[in-house]
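See below for the structure under consideration.
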Amino acid sequence: MNLRYKKLEVIGQGAFGVVHKAKDTETNEIVALKKIRIGNAEDGVNISAIREIKFLKELNHPNVVKLLNVFHHSQNINIVYEHCKKDLEKVIKDREIMFSPSDIKSLMQMLLEGLNHCHQNWIIHRDMKPSNLLINSKGILKLADFGLSRNYASPSHINTNYQYTNQVVTLWYRAPELLLGCKKYGFGVDIWAAGCIFAELLRRQAIIFGDTEIEVLSSIFEIFGTPNQTNWPGFSSLPLTNILTFQENQPIALTDLFPAASNDLLDLFSKMMKFNPSERISAQKALEHPYFKNEPKPTLPELLPFFKN
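Okay, so the sequence shown: first residue is 1 according to full-length UniProt numbering, each after it adds one.
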């Protein structure tokens, strides 16, 4: 083990590695240390680790987790990040935390700022969900976990036939075009997921759920209505639309879904959750929306004590 970093405790564990809280003995800074096992030499380094390192080296923004170091030891690649005490999933589930309208506005503003930085650098995150949004002791939200991220295309190649796997983004946050088998997609998949997170902040629970793609699609259509060629041009040509059949639903009123929400909030949310990806609002346009300009202003004073603990 690199003697510079002293492990303190395990703070996370997944399919690709273990994350420790650690101390940088040179700076006395508390960091997060992800250890990813390489395995046999012929297996090479896990592609998720390569992507994580690549994209975090390219990104530099207050709302994206900071990559501090990368080193090899024994059969492991070790990635060192800035340490964040909470993730948004834990915050949402903590019923002792009461969100004010300004808290929700601040969290969404930081999420979209980080996402906009990714998109301006032609990076699709592809795994936006509350557990991948970290919050440091100052209450600053940061996008993390870029293991599924991909470069979209350079500005000169926007209309090329780039195809990606549609098996990305955790199921409940997966955009309808992905669920219907589309392999040509762009930044809109991140915006849809961000809209799902927006709703979860407001309701304190996911509004879209299911154990399979079909169940999640049914959940989406029960809320937003069943799409067709009129509200989603090109819908009938998606890979699975001629295979699957769904009950015809009308959209429910967003005021029923979010009774206390302002008109500005409902308008922004509706623009993030458009069926047609080309009509979905961009991160940049979302940040310019009146929701973020009007009262109450985004602040985090009520939540800070929870992030410091």
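Using N, Cα and C, we set each Cβ at its ideal position, and we do this for glycine too.
No experiment lies behind these values; they were computed from the predicted model shown.
Ends of the beta strand (DSSP E) at Y81?
-> Looking up residue 81 in the sequence shown gives position 81. It spans N76 to E82 - the beta strand (DSSP E) in which Y81 sits, taken as one unbroken run.
Given a threshold of 16 other Cβ atoms within 10 Å of its Cβ, counted over all protein chains shown, does A193 qualify as buried or as exposed?
-> To locate residue 193, count along the sequence shown from 1; it is residue 193. Buried is the call here.
Find out if the Cβ-Cβ distance for the pair S131, E96 is shorter than 8 angstroms.
-> If you number the sequence shown from 1, residue 131 lands on position 131. If you number the sequence shown from 1, residue 96 lands on position 96. Taking 8 angstroms as the Cβ cut-off, S131 and E96 do not qualify as a contacting pair.
As assigned by DSSP and simplified to three states, the class of H289 | Position 289 of the sequence shown, counted from the first residue, corresponds to residue 289. H289 falls in the coil class under three-state DSSP.
Does the beta-carbon distance from N249 to E213 come in below 8 angstroms?
-> Reading the sequence shown from its first residue, position 249 is the one you call residue 249. Reading the sequence shown from its first residue, position 213 is the one you call residue 213. Taking 8 angstroms as the Cβ cut-off, N249 and E213 do not qualify as a contacting pair.
Is F71 helix, strand or coil by DSSP?
-> Here residue 71 refers to the residue found at position 71 when the sequence shown is read from its first residue. The answer is strand: DSSP assigns F71 an E or B state.
Local conformation of R4 per DSSP, three classes | Here residue 4 corresponds to residue number 4 of the sequence shown, with the count starting at 1. Looking at R4 - three-state DSSP - the assignment turns out to be coil, as it is neither helix nor strand.
Just curious, the alpha helix (DSSP H) that A194 is in, first and last residue?
-> Residue mapping note: residue 194 aligns to position 194 of the sequence shown, counting from 1. Residues G188 to R203.
Report yes if the C-beta distance between V70 and Y81 is below 8 angstroms; otherwise report no.
-> Along the sequence shown, read from residue 1 onward, the residue named residue 70 stands at position 70. Along the sequence shown, read from residue 1 onward, the residue named residue 81 stands at position 81. The Cβ-Cβ distance between V70 and Y81 does not fall below 8 angstroms.
Inter-residue Cα distance where the pair is I208 and D94 | Position 208 of the sequence shown, counted from the start, is the residue given in the question as residue 208. Position 94 of the sequence shown, counted from the start, is the residue given in the question as residue 94. In this model, I208 and D94 are separated by some 20 angstroms (Cα to Cα).
Check whether the segment 119 to 128 touches the segment 96 to 107, counting contact only when three or more Cβ pairs, one atom from each stretch, lie closer than 8 angstroms.
-> no
May I have the straight-line CA-CA distance separating T27 from L33, to the nearest angstrom?
-> In the sequence shown, the residue the question calls residue 27 occupies position 27. In the sequence shown, the residue the question calls residue 33 occupies position 33. Computed Cα separation, rounded: 15 angstroms.
Could you pull the start and end residues of the alpha helix (DSSP H) that D264 belongs to?
-> As a working mapping, residue 264 is identified with position 264 in the sequence shown. Run containing D264: N263 to M272, per the alpha helix (DSSP H) assignment.
Please classify I158: is it buried, with 16 or more other beta-carbons within 10 angstroms of its beta-carbon, or exposed?
-> Within the sequence shown, the letter at position 158 stands for residue 158. Residue placement at I158 is poorly supported in this model, since its pLDDT is 46, which falls under 50; the coordinates are not used for a value here.
Grab me the residues of D145's own chain with a C-beta within less than 7 angstroms of its C-beta, minus the 5 sequence neighbours each way, in chain order.
-> For the purposes of this step, residue 145 is taken as residue 145 along the sequence shown, with counting starting at 1. Sequence-distant partners of D145 (beyond 5 residues in either direction) whose C-beta falls short of 7 angstroms from its own C-beta, in its chain, are D127 and N132.
Should H83 go down as buried or exposed, given a rule of 16 or more other Cβ atoms within 10 Å for buried?
-> Sequence index remark: in the sequence shown, residue 83 carries index 83 (1-based). When all chains shown are included, H83 counts as buried.
Cβ-based burial, E177 [other Cβ within 10 Å; buried from 16] = The count along the sequence shown starts at 1 and reaches residue 177 at position 177. By the 10 Å Cβ count, E177 comes out buried.
Where N132 sits in the DSSP three-state scheme | The residue given as residue 132 occupies position 132 in the sequence shown. Here N132 sits in helix by DSSP.
Unbroken beta strand (DSSP E) run spanning Q20, endpoints | Position 20 of the sequence shown holds residue 20. Checking the sequence shown, residue 20 turns out to be His, not Gln. Per DSSP, the continuous beta strand (DSSP E) segment holding H20 begins and ends at V18 to D24.
Tell me which same chain residues have a C-beta within less than 8 angstroms of the C-beta of N186, skipping the five on either side of it?
-> As a first step, residue 186 must be located in the sequence shown, where it is residue number 186. Checking the sequence, you will find Gly at residue 186 rather than Asn. So the qualifying residues of the chain are I124, Y152 and P277.
If you check the beta carbons only, do L240 and G181 fall under 8 angstroms apart?
-> Position 240 of the sequence shown holds residue 240. Position 181 of the sequence shown holds residue 181. Their beta carbons are under 8 angstroms apart, which means L240 touches G181 by this criterion.
Measure the C-alpha to C-alpha separation of K6 and P62 and round it to an integer number of angstroms.
-> Residue mapping note: residue 6 aligns to position 6 of the sequence shown, counting from 1. Residue mapping note: residue 62 aligns to position 62 of the sequence shown, counting from 1. Their backbone Cα atoms lie some 26 angstroms apart in a straight line.
Are the CB atoms of A286 and L112 nearer to each other than 8 angstroms?
-> Position 286 of the sequence shown, counted from the start, is the residue given in the question as residue 286. Position 112 of the sequence shown, counted from the start, is the residue given in the question as residue 112. Yes, these two residues count as a Cβ contact at 8 angstroms.
Own chain residues within Cβ distance below 7 angstroms of W232, not counting five before or after = For this step, residue 232 is matched to residue 232 along the sequence shown. For W232, where only same-chain residues beyond five positions count, the Cβ hits under 7 angstroms are F275 and N276.
Which stretch, first to last residue, makes up the alpha helix (DSSP H) that contains L107?
-> Taking the first residue of the sequence shown as 1, we reach residue 107 at position 107. Membership of L107 in the alpha helix (DSSP H) is indicated by the continuous run P101 to Q120.
Which residue or residues does DSSP assign as beta-bridge partners of L143?
-> Position 143 of the sequence shown, counted from the start, is the residue given in the question as residue 143. Bridge partners of L143: V64 and L133.
How many Å lie between T230 and R280 at the Cα?
-> Position 230 of the sequence shown holds residue 230. Position 280 of the sequence shown holds residue 280. One C-alpha to the other measures close to 16 angstroms.
Could you round the C-beta distance between G114 and R51 to whole angstroms and report it? I think they count as a contact, below 8 angstroms.
-> Along the sequence shown, read from residue 1 onward, the residue named residue 114 stands at position 114. Along the sequence shown, read from residue 1 onward, the residue named residue 51 stands at position 51. Actually they are not in contact, since the Cβ atoms of G114 and R51 sit about 17 angstroms apart, beyond 8 angstroms.
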